[in-house]
Amino acid sequence: MSQQRHGSTPGNAPGERTGAVTAFPDLPEATIARLPEYLRALHNLGGAGADTVSSEGLSAAAGVNSAKLRKDLSHLGSYGTRGVGYDVTLLIEQIEYVLGLDQRRAVCLVGLGNLGHALAGYDGFASRGFKIVALFDADASKVGEEIQGLTVRHIEELGRAAVEENIAIGVIATPAGAAQAVADVLVDAGVTSILNFAPCVLSVPANVDVRKVDLAIELQILSFHEHRKASLTALPGGRSATAAGNQEAVGS
Ligand SMILES: NC(=O)c1ccc[n+]([C@@H]2O[C@H](COP(=O)([O-])OP(=O)(O)OC[C@H]3O[C@@H](n4cnc5c(N)ncnc54)[C@H](O)[C@@H]3O)[C@@H](O)[C@H]2O)c1
1 MSQQRHGSTP
11 GNAPGERTGA
21 VTAFPDLPEA
31 TIARLPEYLR
41 ALHNLGGAGA
51 DTVSSEGLSA
61 AAGVNSAKLR
71 KDLSHLGSYG
81 TRGVGYDVTL
91 LIEQIEYVLG
101 LDQRRAVCLV
111 GLGNLGHALA
121 GYDGFASRGF
131 KIVALFDADA
141 SKVGEEIQGL
151 TVRHIEELGR
161 AAVEENIAIG
171 VIATPAGAAQ
181 AVADVLVDAG
191 VTSILNFAPC
201 VLSVPANVDV
211 RKVDLAIELQ
221 ILSFHEHRKA
231 SLTALPGGRS
241 ATAAGNQEAV
251 GS
């Protein structure tokens, strides 16, 4: 997943408060991309009864190198306790706070075709802090359809609904040719975060963050590694590319 990033984040210490506004650290993008991996691993460890976890244990569970993990968590002011490790519950709270998951954010989904149906029908978002609250499509034959208790509405209703329902994040699952117009409607309605599945670059104002998901790009990157491994094996002596393989989260 890649990001078109605009604007900036405050550079205060973790948990530092300025007046009524809660500030947070300005983190490297790569760290932000790994925090959800740590969170998922911590929830699994907590669910299995662990109260504490070493940096090595957490790095193995998250599939991230332990030096990188320690550096990432130090940005949050979390260093663990020597000989004990990290407190699982505390670290979950810290990461959820920094990711803003202590507030439930309303999400709308635009485009209820193959992909949109799969996303709307997935019930795993809620447990990770997100609720799809509204569905929109331009096709009259899809308007009125019920998916997971939500009724698909016409795209013309998006602007008003986004304001009234306080939608924070818009997900675009329309064909590329329609995505910019949908993004414009979202932006006009005050939505400042967009997750774009359409294979195109969106033009948005500076205060809007866009994340792009493109599985074809991920496959192309894996294809590069396949190509590279094959070319190394073909070398005299048949060197192998990597000993343990590399794991990189989609989006990092
Ligand atoms: N990121 C990925 O890895 C990935 C994977 C699969 C598909 N895609 C992309 O996701 C998008 C959707 O794919 P799909 O297979 O579901 O397509 P689809 O044709 O099945 O569905 C597209 C939906 O968008 C609706 N739509 C079209 N114009 C609209 C508009 N202006 N406003 C609202 N709705 C509109 C259509 O009525 C349709 O229901 C495409 O851009 C596709 O390339 C991305």
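So the sequence shown is residues 1 to 252, counted in full-length UniProt numbering. Just so you know, even glycine gets a beta-carbon here, dropped at the ideal spot from N, CA and C.
Residue i - DSSP class collapsed to helix/strand/coil
i, result
"aspartate 26", "coil"
"valine 21", "Caution applies to valine 21, whose pLDDT of 42 falls short of 50 and renders its modelled position unreliable; the model cannot decide the point."
"serine 141", "coil"
"alanine 50", "coil"
"serine 203", "coil"
"arginine 153", "strand"
"alanine 234", "coil"
"glutamate 146", "strand"
"alanine 173", "coil"
"valine 98", "helix"
"serine 193", "strand"
8 Å contact criterion, which residue i and residue j should meet: CB distance rounded
i, j, result
"alanine 134", "glutamate 165", "6 Å"
"leucine 42", "valine 88", "6 Å"
"proline 199", "alanine 181", "Between alanine 181 and proline 199 the Cβ distance is about 16 Å, and since that is not below 8 Å, they are no contact."
Classification of residue i by the beta-carbon crowding that lies within 10 angstroms, buried from 16 upward
i, result
"glutamine 220", "exposed"
"lysine 71", "exposed"
"glycine 190", "exposed"
"asparagine 196", "buried"
"tyrosine 122", "exposed"
"glutamine 148", "exposed"
"phenylalanine 136", "buried"
"arginine 128", "exposed"
"residue 317", "Residue 317 is absent from the model: the chain starts at 1 and stops at 252."
"histidine 227", "exposed"
"glutamine 103", "exposed"
Closer than 7 Å: residue i CB and nearest ligand 3 heavy atom
i, result
"alanine 140", "Looking at this structure, you won't find ligand 3 anywhere; what it does contain is ligand 1."
Can you list every residue whose CB sits closer than 7 Å to some heavy atom of ligand 1, going in chain order? Ordered along the chain, the selected set is Val110, Gly111, Leu112, Gly113, Asn114, Leu115, Gly116, Phe136, Asp137, Ala138, Asp139, Lys142, Ile155, Ala173, Thr174, Pro175, Ala176, Ala178, Ala179, Ala181, Val182, Phe197, Ala198, Pro199, Val213, Asp214, Leu215 and Ala216.
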